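Residue numbers (this note's numbering), protein chains in the order written: chain A, 1 to 341; chain B, 1 to 341.
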């Protein structure tokens, strides 16, 4: 096997052989069910605690249900999973811990803030492409109520939200990645790119879109400069959760570099809610945003044959409430995966 | 290339070709300098803020200095790093973010609590072994003062510590991993194993050793059952930060399974401090514990020819203060790397 990356001088990594998305599942809350993509979720529950006693345990439960559903669709026993790659927004990533422990698989915990799904998919693909694993799970989640009280205010406080603030998606997405495609019908990951941390000095915790947009621009620009691909090649180029403000900044910064993706570009955070009607302000955010849009809507589009080629660029804001209170600005990161069929 | 893992039925992953630890660097605080391994640190500073304004920024600074020092030793420009794998204990892993952003490398954020260094090394090795990367950095850290106020009490409170409580190491370790060894003298990683999450119902936040020991036992037992190796083959079998209590539990649980590692076994948390004289109670802990012992002491032993073969089993407690307050027990995890020369 000649490794096509042996002398790569790019951040882009082309897989030697495709890695298949054997199955996926999206779990969401009531607001997500009511949104424009509601019908694409596998399971939704209006009970924000998902039958548990706390928001946090509810988030774990979403991960458990999402992975279980994806395993069932793939007709895969959980013992066949050689590893689970997962992460979330809660301190010390406890949603993933408590949600996934019962699967008993070797566990690779990741933290990429809201970019974690692309990080899971990229790493999982490389581990399979490298020949070390045959089948792995990739799972992330976020939960509005758990995130609000951890990052901003307890819900009971009724804090006012800025127009640029985003609404953390209550949702989870799970993917089963494999080196072989028994169905002959699975979309495949063909290219991945790990983003660099970019900090343009944004300190406004109510404007994560602005903080993350420069990272998205960095990754997208690198992608189109390092490949022969054109925006027109894709059915959709989707960022993770930049929202109205971040999407606009991304479009404008890319345009100023001569890269026009507008015709194919959308943001998962804008797709998942009807921002005006659903009072979601600048759009959805959170690890569960791009994860559930990918695992629900995008995968359905692939299955229906309506999508053949997408570029998913999940974006994350690498901050903590403490780091912002200490006066640090908010670096962003954007990891990329190309999915084709 | 025939991949030796193509049909593996084990959790253990043997690398197809060795991945070299080209260089390493250990940074620590004053207490670590005064400990039995003090002389093996590359850089120590009695100023717990490492010249910055906060404990948290000081922790980031340790990561920056550690990676910089490792790069210098490896005569490697930071632009040669094709990725940095890193993580820490602070909420949303911000020590790694702010400490490593200036290196400008593609960034892969990990969370494995105190097991993060082995997770970084294992993943980094697989990415190089798979042919996707040639040179990556692996960095972790922890900081006593930052961890105390995040996980337990602000220092000013002067909270009493239980005898089983551990002392979070103020330290950072950085490793440069590469597929080629220009010096001809570098230790190499030959086997890795990702641990499974194990929860035996421990809820005492002042006894992390007991929470993590069953995970260490699970990984160590699997290792010796899945290989022909014997404890006698190693110069040292080192767990990450189980402390007095956790080490004893690990020894006893392993003995009850017929696995006697006592002659070669030690715990980084017990090596880094003179627990009695230094008032470190049950021993050191934190991502920086096993990382700095590896990058300082163990690597020096390899360089001196005194070590030829070690088994590093970094242990992590996958909890948050919130998860414990909500009544959850504390799952542990233990990732393993074998390093040889």
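Where is the CB? At the ideal position from N, CA and C, for every residue including glycine.
This structure is a prediction, so every number in the text was calculated from the model and none was measured.
Open item on the list: My assumption, with CB atoms under 8 Å, is that residue 93 of chain B sits in contact with residue 109 of chain B. Please give the rounded CB distance.
Closed with: Working through the second chain from its first residue, we reach residue 93 of chain B at position 93. Working through the second chain from its first residue, we reach residue 109 of chain B at position 109. Taking a contact as a CB-CB distance under 8 Å, the pair residue 93 of chain B and residue 109 of chain B counts as one, their CB atoms being some 6 Å apart.
Open item on the list: Against chain A, with Cβ distances strictly below 8 Å, would residue 281 of chain B count as a contact?
Closed with: Along the second chain, one-based indexing puts residue 281 of chain B at 281. Output row for residue 281 of chain B: interface = no.
TODO: Would you kindly work out how many angstroms separate the C-alpha atoms of residue 190 of chain B and residue 230 of chain B, rounded to a whole number?
DONE: Position 190 of the second chain, counted from the start, is the residue given in the question as residue 190 of chain B. Position 230 of the second chain, counted from the start, is the residue given in the question as residue 230 of chain B. Rounded to the nearest angstrom, the two C-alpha atoms are 16 Å apart.
Task: Close beta carbons around residue 267 of chain B, own chain, < 6 Å, minus the five adjacent residues each side - done: Position 267 of the second chain, counted from the first residue, corresponds to residue 267 of chain B. 239, 242 and 247.
TODO: Can you grab the Cα-Cα spacing for the pair residue 16 of chain B / residue 179 of chain A, in whole Å?
DONE: Counted from its first residue, the second chain places residue 16 of chain B at position 16. Counted from its first residue, the first chain places residue 179 of chain A at position 179. Each residue's Cα considered, the two are about 18 Å apart.
TODO: Name, please, each residue of chain B whose Cβ falls closer than 7 Å to the Cβ of residue 106 of chain A.
DONE: What you label residue 106 of chain A is simply residue 106 of the first chain in a count that begins at 1. Contact note: residue 106 of chain A reaches chain B through 11, 194, 195 and 196, using a C-beta cutoff of 7 Å and chain order.
Task: Unbroken stretches of the beta strand (DSSP E), 3 residues or longer, contained in the stretch 149–209 of chain B - done: Qualifying beta strand (DSSP E) stretches, in chain order: 171–178 and 188–193.
Task: Segment limits, alpha helix (DSSP H) that includes residue 112 of chain A - done: On the first chain, position 112 is the one that residue 112 of chain A refers to. Residue 112 of chain A -> no alpha helix (DSSP H), and no H or E assigned at all.
Open item on the list: At the 8 Å Cβ level, is residue 98 of chain A part of the contact set with chain B, yes or no?
Closed with: Counting from one through the first chain, the residue named residue 98 of chain A turns up at place 98. Cβ-Cβ to chain B under 8 Å: yes for residue 98 of chain A.
- [ ] Mark residue 99 of chain A as exposed unless 16 or more other C-beta atoms lie within 10 angstroms of its C-beta, in which case mark it buried.
- [x] To locate residue 99 of chain A, count along the first chain from 1; it is residue 99. The residue in question, residue 99 of chain A, is buried, as its Cβ has 16 or more Cβ neighbours within 10 Å.
Task: Length at least 4, wholly inside the stretch 232–283 of chain A: the alpha helix (DSSP H) runs in chain order - done: Within the stretch 232–283 of chain A, complete alpha helix (DSSP H) segments of at least 4 residues are found at 243–256 and 268–271, given in chain order.
Open item on the list: Using only CA atoms, which one of A/14, A/182 and A/150 lies nearest to residue 123 of chain A?
Closed with: Residue numbering aside, residue 123 of chain A sits at position 123 when the first chain is read from its first letter. A check of alpha carbon separations from residue 123 of chain A across A/14, A/182 and A/150 identifies A/14 as the nearest.
- [ ] Have a look at residue 284 of chain B and residue 334 of chain B and give me their C-alpha separation to the nearest angstrom.
- [x] Stepping through the second chain from its first residue, residue 284 of chain B is reached at position 284. Stepping through the second chain from its first residue, residue 334 of chain B is reached at position 334. If I take the Cα positions, the gap works out to 16 Å.
TODO: For residue 28 of chain B, count neighbouring Cβ atoms within 10 angstroms of its own Cβ and tell me buried if that reaches 16, exposed if not.
DONE: Here residue 28 of chain B is taken as the residue at index 28 of the second chain, counted from 1. Counting every other CB atom within 10 Å of its CB across the protein chains shown gives residue 28 of chain B a total of 16 or more, marking it as buried.
- [ ] Just confirm the distance between the C-beta atoms of residue 89 of chain B and residue 287 of chain B, as a whole number of angstroms; I'd bet it's less than 8 Å.
- [x] Within the second chain, the letter at position 89 stands for residue 89 of chain B. Within the second chain, the letter at position 287 stands for residue 287 of chain B. Correct: roughly 6 Å between the Cβ atoms.
Open item on the list: Using 8 Å as the threshold, is the C-beta distance between residue 322 of chain A and residue 56 of chain B below it?
Closed with: Along the first chain, one-based indexing puts residue 322 of chain A at 322. Along the second chain, one-based indexing puts residue 56 of chain B at 56. Contact: yes.
Open item on the list: Whole angstroms are fine: how far does the CA of residue 249 of chain B sit from the CA of residue 208 of chain B?
Closed with: Here residue 208 of chain B corresponds to residue number 208 of the second chain, with the count starting at 1. Here residue 249 of chain B corresponds to residue number 249 of the second chain, with the count starting at 1. Computed Cα separation, rounded: 12 Å.
Task: Whole-Å CB distance - residue 265 of chain A paired with residue 237 of chain A, under 8 Å assumed - done: Locating residue 265 of chain A in the first chain gives position 265, where the first residue counts as 1. Locating residue 237 of chain A in the first chain gives position 237, where the first residue counts as 1. Between the beta-carbon of residue 265 of chain A and that of residue 237 of chain A there is about 5 Å, and that keeps the pair under the 8 Å contact cut.
- [ ] Kindly list the residues whose CB is nearer than 6 Å to the CB of residue 1 of chain A, restricted to its own chain and excluding five residues on each side of it in sequence; keep chain order.
- [x] Within the first chain, the letter at position 1 stands for residue 1 of chain A. For residue 1 of chain A, the predicted structure reports a pLDDT of 43, less than 50, and the residue's modelled location is therefore unreliable. A value from the coordinates is still provided. Here the set comprises nothing.
- [ ] Report yes or no: do the stretch 124–138 of chain B and the stretch 130–138 of chain A share at least 3 C-beta pairs separated by less than 8 Å?
- [x] Of all C-beta pairs linking the stretch 124–138 of chain B to the stretch 130–138 of chain A, three or more are shorter than 8 Å, placing the two stretches in contact.
Task: Rounded straight-line distance, which links the Cα of residue 311 of chain B to that of residue 233 of chain B - done: Residue mapping note: residue 233 of chain B aligns to position 233 of the second chain, counting from 1. Residue mapping note: residue 311 of chain B aligns to position 311 of the second chain, counting from 1. Distance from the CA atom of residue 233 of chain B to the CA atom of residue 311 of chain B, rounded to whole angstroms, is 10 Å.
- [ ] Under 8 Å between beta-carbons, which chain A residues line up against residue 367 of chain B? List them in chain order, please.
- [x] Outside the shown range of chain B (1 to 341) lies residue 367 of chain B, about which nothing can therefore be said.
Task: Integer Cβ distance of residue 159 of chain A from residue 153 of chain A, believed to fall under 8 Å - done: The residue you call residue 159 of chain A lines up with position 159 of the first chain. The residue you call residue 153 of chain A lines up with position 153 of the first chain. Indeed they touch by this definition, with Cβ atoms about 4 Å apart.
Open item on the list: Rounded to whole angstroms, what is the Cα-Cα separation between residue 258 of chain B and residue 245 of chain B?
Closed with: Along the second chain, read from residue 1 onward, the residue named residue 258 of chain B stands at position 258. Along the second chain, read from residue 1 onward, the residue named residue 245 of chain B stands at position 245. Rounded to the nearest angstrom, the two C-alpha atoms are 20 Å apart.
Open item on the list: Is there a Cβ of chain B sitting closer than 8 Å to that of residue 109 of chain A, yes or no?
Closed with: Translated into the one-based positions of the first chain, residue 109 of chain A becomes position 109. Cβ-Cβ to chain B under 8 Å: yes for residue 109 of chain A.
Open item on the list: Going by DSSP in three states, residue 316 of chain B sits in which element: helix, strand or coil?
Closed with: Your numbering for residue 316 of chain B matches position 316 in the second chain. In the three-state DSSP reduction, residue 316 of chain B falls in the strand class (E or B).
Task: Contact with chain B by residue 226 of chain A, beta-carbon distance below 8 Å - done: In the first chain, the residue the question calls residue 226 of chain A occupies position 226. Judged by the 8 Å Cβ criterion, residue 226 of chain A is not in contact with chain B.
TODO: Measure the beta-carbon distance from residue 39 of chain B to residue 64 of chain B and round it to whole angstroms, keeping in mind my assumption that it falls under 8 Å.
DONE: Position 39 of the second chain, counted from the first residue, corresponds to residue 39 of chain B. Position 64 of the second chain, counted from the first residue, corresponds to residue 64 of chain B. At roughly 23 Å, the Cβ-Cβ gap does not stay under 8 Å, so residue 39 of chain B and residue 64 of chain B are not in contact.
Task: Delimiting residues of the alpha helix (DSSP H) encompassing residue 69 of chain A - done: Start at 1 with the first residue of the first chain, and residue 69 of chain A comes out as number 69. Note, residue 69 of chain A: alpha helix (DSSP H), 55–73.
Task: Local conformation of residue 24 of chain A per DSSP, three classes - done: As a working mapping, residue 24 of chain A is identified with position 24 in the first chain. Three-state DSSP puts residue 24 of chain A in a strand.
Task: DSSP three-state assignment for residue 1 of chain B, whether helix, strand or coil - done: Residue numbering aside, residue 1 of chain B sits at position 1 when the second chain is read from its first letter. For residue 1 of chain B, the predicted structure reports a pLDDT of 43, less than 50, and the residue's modelled location is therefore unreliable. A value from the coordinates is still provided. Three-state DSSP puts residue 1 of chain B in coil, outside helix and strand.
Open item on the list: Can you pull the chain B neighbours of residue 83 of chain A, defined as C-beta to C-beta under 7 Å?
Closed with: Stepping through the first chain from its first residue, residue 83 of chain A is reached at position 83. Listed along the chain, the chain B residues whose CB falls inside 7 Å of the CB of residue 83 of chain A are 194.
- [ ] Could you have a look at residue 401 of chain B and say whether DSSP puts it in helix, strand or coil?
- [x] No information on residue 401 of chain B is available, as it lies outside the stretch 1 to 341 that chain B covers here.
Task: CA-to-CA distance, residue 295 of chain A to residue 30 of chain A, given in whole angstroms - done: One-based indexing of the first chain puts residue 30 of chain A at position 30. One-based indexing of the first chain puts residue 295 of chain A at position 295. Approximately 17 Å, taken between the alpha carbons.
Open item on the list: Looking at the secondary structure, which residues open and close the beta strand (DSSP E) in which residue 344 of chain B lies?
Closed with: With chain B covering only 1 through 341, there is no way to say anything about residue 344 of chain B.
Task: Selection from B/193, B/170, B/112 and B/8 that minimises the alpha carbon distance to residue 50 of chain B - done: On the second chain, residue 50 of chain B is found 50 positions in, with the first residue counted as 1. Scanning B/193, B/170, B/112 and B/8 for the CA closest to the CA of residue 50 of chain B turns up B/170.
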